[in-house]
Amino acid sequence: MIQLHNVYMSYQRDAAALSSITMKVSKGEFVFLTGVSGAGKSTLMKLLYGALKPTRGQVVIDGINVTKLPPSQIPYLRRKVGVVFQDFKLLPNRTVLENVALTLEVLGWSKKDINKRVYHLLKQVGLEHKINTTPLRLSGGEQQRVAMARALVNEPKIILADEPTGNLDEASKDQVLAILKEANIKGSTVVVATHDRRLIDSCHKRIIVLDKGHIVEDADVSG
Amino acid sequence: MSRDKVAKRPKLAREGAGGRFRYFLERALLNIRQNLLVNLITVGTISLAFLILSLFLLLYVNLERVTENWSDRVQVAAYFDRELSPGEIASLSGKIRAIEGTAGVTYISRQEALKRFSGRLKGQESLLNGVTPDILPSSLEIRLKRDSRDSDSITTYVSRLKKIPEITEVQYGEEWVRRFTDFLNLVRFIGALVGGFLVLAVVFIVANTIKLTIFSRKDELELMGLVGATRWFIKAPFLIEGILQGVTGVAVSILVLSGVYMAFLHNADILISFNPMLSGLLFLPIEYLAALLAGGAALGFLGSLASLKRFISL
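Here you go:
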């Protein structure tokens, strides 16, 4: 599902954010990407949803070579990938319904179908009663669950979560993790970038450790 | 569950160009409602900028009208020391009308000339005691077309007129025409200069106001890209919003201008015309209003397009 071959990424000359990254994530896998701040986790995530192109090497997502993808085709790649951010990226002047609906509006769904689907998703993340609330009236954990609903609503093949629990309390972290696990059980390939050791230890999933832009460990502890 | 396809895709809401346009229009209207304050500020700024421009246009249009009225006084007269026979009048009028720039020819007999003269001396008619029509010349008064009333055109016209053998004496108030032409050129030059600066200022203000509006929503643009929206899907509602902002801004400025016109200007002709024949200041002609509205729409569209380019990386 995700393949990186000898990927090298640098923002400036002589300073590589990622170096010789070769990795493969199979369909339906759940992977933690970890490492200290500045290790290259976010850069790697950005390569996976086409926000960046590698300086060298190949990035292949669901059979699509992102490296060679023209900008006009990137939206179609992103429709296969649900992304969750640490800062949620919710639109403050739109309701929870409208925020989650955005993903389906882009796909051209009818209003009626959108409402049905969004309500179903919000029920799954336990926020159906907040459907007409604006994000600013929600707690951090609730905001992150709305952001996750937005990422999951079109049942993407891949879910990328960049520090999804970074700003949350322990209870909210568990809820976020439960949602990601459920999406994984339903078939989505999940990649979570985090430096939260407790989160990683509670899951027993494959862990890829980055340090100074290199993969220093790739361990599958699911068994 | 298999994820080989992107979700179960139900029936699409916006099939065809009409459906898509309806969706984008609805989205634009919703965006305006959700960002009401920013939109009000934008429309207010556009209105103010266009109000200044349309006020200038109103004054310019009326000044042009006044000068056109003044230019009606430009006449060329060919004098004769005898009465012309109807045959001669017809023949000469035909030859004069054949000259380019002629709007009309009127024969003024000696009798008619005396009547006019005494008309001008109202109250002092006794001065004309003993004056008979034969001491006044008969004449052919020639009115010129608007574009032939400037100094150069009249000089050319008169030289052509003098080529008609029967015409020997021609008068047209050479000095007055020269001064009038200079004044007209000055008015047009100042008009073009001030108008040009105003148009530049309006373009600058409107484009930057729209840029700020879009900048305030750059998170929204980024997010749309992240959830898989294509470039045009992101741009279209913003472009429609830009057009609506431009048109609404201009419409408000026209409403305010018409309010000011009704309250103060429609009877303020004395301020600029010095001509009691004029009934009052004209409002902007319909083609000017249409051009202003089209200008507002174009500025809104182009301002949005230019700003969006900076914030959409797709």
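Protein chains in written order, with this note's numbering: chain A, 816 to 1038; chain B, 202 to 515. Cβ atoms here follow ideal geometry from the backbone N, Cα and C, with glycine treated the same way.
According to the Cβ coordinates, are A:Y823 and A:G872 closer than 8 Å?
-> Yes, Cβ-Cβ distance for A:Y823 and A:G872 is below 8 Å.
Give, in chain order, every unbroken run of the beta strand (DSSP E) that is at least 3 residues long and sits entirely within the segment 359-423 of chain B.
-> 370-372
With distances taken from CA atoms, which of A:V940, A:L912, A:F903, A:V1007 is nearest A:T928?
-> Before going on, a small fix: residue 928 of chain A reads as Asp here, not Thr. Considering only alpha carbons, the answer is A:L912.
So B:V262 packs on B:G450, CB below 8 Å; how close in whole Å?
-> Contact doesn't hold; Cβ gap of about 21 Å is too wide.
Hey, how far is the Cα of A:E943 from the Cα of A:F845?
-> Inter-residue distance for A:E943 and A:F845 is about 27 Å (C-alpha atoms, whole angstroms).
From A:G865, A:L848, A:K988, residue whose alpha carbon lies closest to that of A:K1020 | If we check each option's Cα against that of A:K1020, A:L848 comes out closest.
At which residues does the beta strand (DSSP E) containing B:T243 begin and terminate?
-> Not the beta strand (DSSP E): B:T243 falls in the alpha helix (DSSP H), residues 237-272.
Hey, is A:T837's beta-carbon within less than 8 Å of any beta-carbon in chain B?
-> no
Could you tell me whether any Cβ in chain B is nearer than 8 Å to the Cβ of A:N1051?
-> Missing from the structure shown is residue 1051 of chain A; chain A here goes from 816 to 1038 and no further.
Between which two residues does the beta strand (DSSP E) containing A:N821 stretch?
-> 817-827
Between A:A976 and A:V1024, is the Cβ-Cβ spacing less than 8 Å?
-> no
Neighbouring residues, chain A, relative to B:Q235 (Cβ below 9 Å) | L906, N908, R909, E913
For B:R234, three-class secondary structure by DSSP = helix
Under a Cβ-count criterion, where at least 16 other Cβ atoms within 10 Å of its own Cβ denotes burial, should B:R210 be classed as buried or exposed?
-> Low per-residue confidence applies at B:R210: pLDDT is 47, beneath 50, and the placement is therefore not dependable, though the value from the model is reported in the following sentence. By the neighbour-count rule (16 or more Cβ atoms within 10 Å), B:R210 is not buried but exposed.
To which residues does DSSP link B:Y280 through a beta bridge?
-> Paired residues: B:S340, B:E370.
Go ahead and pull the three-state DSSP assignment for B:A452.
-> Helix.
Assigned secondary structure, A:R909 (DSSP; H/G/I helix, E/B strand, else coil) | coil
Got a sec? Which residues, its chain only, sit under 6 Å from B:A229 by beta carbon, not counting five neighbours each side?
-> P438, I441, E442
Would you say B:L485 and B:S255 are within 8 Å of each other, going by their C-beta atoms?
-> yes
If we count the other Cβ atoms within 10 Å of its Cβ and call it buried at 16 or more, is A:S852 buried or exposed?
-> It is exposed - the Cβ of A:S852 has fewer than 16 other Cβ atoms within 10 Å.
Every unbroken beta strand (DSSP E) within the segment 873-927 of chain A, with a cutoff of 3 residues, ordered by chain = 896-899
Looking at the structure shown, is A:F847 part of a helix, part of a strand, or coil, going by DSSP?
-> Under the three-state reduction of DSSP, A:F847 is assigned to strand.
For B:L493 versus B:A408, is the C-beta spacing smaller than 8 Å?
-> Judged by their CB atoms, B:L493 and B:A408 are not nearer to each other than the 8 Å cut-off.
Unbroken beta strand (DSSP E) run spanning A:D989, endpoints | From DSSP, A:D989 is part of no beta strand (DSSP E) but of the alpha helix (DSSP H) over 985-1000.
Cut-off 6 Å between Cβ atoms - residues of its own chain near B:T410, not counting five sequence neighbours on either side | T243, T246
Along chain B, in chain order, which residues have C-beta atoms closer than 7 Å to that of A:V898?
-> L427
Going by CA-CA distance only, name the one from B:L424, B:S505, B:A491 that's closest to A:V921.
-> The shortest C-alpha separation from A:V921 is found at B:L424.
Reference A:E1035, options A:K1027, A:D1026, A:I879, A:I1022, closest by Cα = The question names Glu, yet the displayed sequence has Asp at residue 1035 of chain A. If we check each option's Cα against that of A:D1035, A:I1022 comes out closest.
So with Cβ pairs under 8 Å, would you call A:P890 a contact of chain B?
-> yes
Cβ-based neighbour list, B:R344, same chain, cut-off 7 Å, excluding 5 preceding and 5 following = Q276, A304, G305
Determine whether the Cβ of B:Y421 lies closer than 8 Å to any Cβ atom of chain A.
-> Just to set this straight, residue 421 of chain B is Glu in the shown sequence, not Tyr. Chain A, which has a Cβ nearer than 8 Å to the Cβ of B:E421, makes this yes.
Is the segment 863-878 of chain A touching the segment 969-983 of chain A in the sense that three or more CB pairs, one from each, lie closer than 8 Å?
-> Result yes; three or more Cβ-Cβ pairs closer than 8 Å.
Would B:L493 count as contacting chain A if we go by Cβ distances under 8 Å?
-> By the rule that beta-carbons nearer than 8 Å mark a contact, B:L493 does not touch chain A.
Just the chain B side, please: which residues come within less than 7 Å of A:R952 by C-beta, in chain order?
-> For A:R952, no chain B residue has a Cβ inside 7 Å of its Cβ, as the nearest lies near 16 Å away.
Leaving out the 5 sequence neighbours to the left and right, which residues in its chain are closer than 8 Å to B:K296 when beta-carbon positions are compared?
-> I365
Determine the DSSP secondary structure at B:A492, reduced to helix, strand or coil.
-> helix
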